[in-house]
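Chemist:
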Amino acid sequence: MNEETESVATRLWRDRVQVREQERNEALARARLAEEKLALMVGENERLETEIARLRALLAPDASRARAETEAQMEALRGALLPLLSRAA
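Anchor point for the sequence shown: position 70 equals 69 in numbering that gives the first Met the number 0, and the numbering is continuous, going up by one each time.
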């Protein structure tokens, strides 16, 4: 009976080891799939960032030109207001 008990215990232990190995293999497979999905999402995110930058460039093709124009307008306004302020004083 002792040998039979050991045999049952050994089989149960082997079954338990097999189940844990299978669970580990499944977890590794899920992790690989998650890594692949993450890589795809990172690539898609980079593509979208590039597209957003392209679209922003279309909306404001020359931001430095617009800034220079605004500064020129402000300088012209200052030039027009300073003589009026000096006459009022």
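Yeah, the Cβ is synthetic: ideal placement off N, Cα and C, and Gly gets one too. Just so you know, these numbers come straight off a predicted model, no measurement behind them.
Please state the DSSP three-state secondary structure of D14.
Modeler: helix
Chemist: What's the gap between the Cα of E5 and the Cα of D14?
Modeler: 14 Å
Chemist: Under 8 Å by Cβ, that's how I've got A65 and A59 pegged, so tell me the actual separation to the nearest angstrom.
Modeler: 7 Å
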